[in-house]
Amino acid sequence: MIDSNGEILYCVFRRQNEDGGYWQAIAGGGEGAEAPLDAAIREGFEEAGIPEDCEYVQMDSCAAIPAADVCGLLWGNDILVIPEYAFAVRVVDAQIALSREHTDFRWVDYNTAKQMLKWDSNRTALWELDFRLRAGLGFPAPTHARRS
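If you want the working numbering, it's the position in the sequence shown, counting the first as 1, plus 169.
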């Protein structure tokens, strides 16, 4: 989001204390055969009330995270790591409707967000987006402009 002074702001979310109480980007997994983009749109709406017709862009940043950190070894020894995709979403309104997964959110500048975020993968995706915007590359071409 761009504030009234033209500064780029990023939204970070604080997890419930019983889930670690750390700051992160919106996160969640796909349901069934759901595509990563569809999962990102759904999670954005469920966790923050972001309208589903906002412009979503898949970032180049991608990570593999231990399945045990997400859901234990629910899937046994067949799935030890899961892919983590990163998306950016252009919002026009700073209003966020938090789900019960989070206790707080903040719109902050890049350096503050980078310091707040717990996960390296979140910081990498943040860096990628911030670099693109500040280098004059603009918001990447939309992966999704309107959900049908």
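Think of the CB as a built atom: it goes at the ideal place given N, C-alpha and C, for glycine as much as any other residue. Keep in mind it's a predicted model, so treat the numbers as computed, not measured.
Beta-carbon proximity of residue i to residue j, cut-off 9 Å
i: F256; j: V226; result: yes
i: V250; j: C180; result: no
i: A208; j: G218; result: no
i: M228; j: L302; result: no
i: R269; j: Q185; result: yes
i: A232; j: D289; result: yes
i: L267; j: E216; result: yes
Collapsed DSSP secondary structure at residue i in the structure displayed
i: P252; result: strand
i: R316; result: Low confidence applies here, because R316 scores a pLDDT of 48, under 50, leaving its location unreliable and the question unanswered by this model.
i: R269; result: coil
i: S230; result: strand
i: E200; result: coil
i: A194; result: coil
i: E224; result: strand
i: I171; result: strand
i: I177; result: strand
Residues near residue i by beta carbon distance below 8 Å, same chain, minus five either side
i: A236; result: L242, L243, W244, I248, L249, V250, I251
i: R292; result: K283, L286
i: I177; result: M170, I171, D278, Y279, D299, L302, R303
Selection from the options that minimises the alpha carbon distance to residue i
i: A194; options: P205, D238, E212, N186; result: E212
i: C223; options: D262, W296, I171; result: D262
i: D273; options: Y279, I265, N280; result: I265
i: K287; options: A196, A204, S268; result: A196
i: A204; options: G305, Y254, H271; result: Y254
Residues of its chain near residue i, where Cβ-Cβ distance is below 6 Å and the 5 sequence neighbours each way are ignored
i: Y191; result: R184, K287
Test: residue i CB closer than 9 Å to a CB of chain E
i: E176; result: Of the protein chains in this structure there is only one, and it is not chain E.
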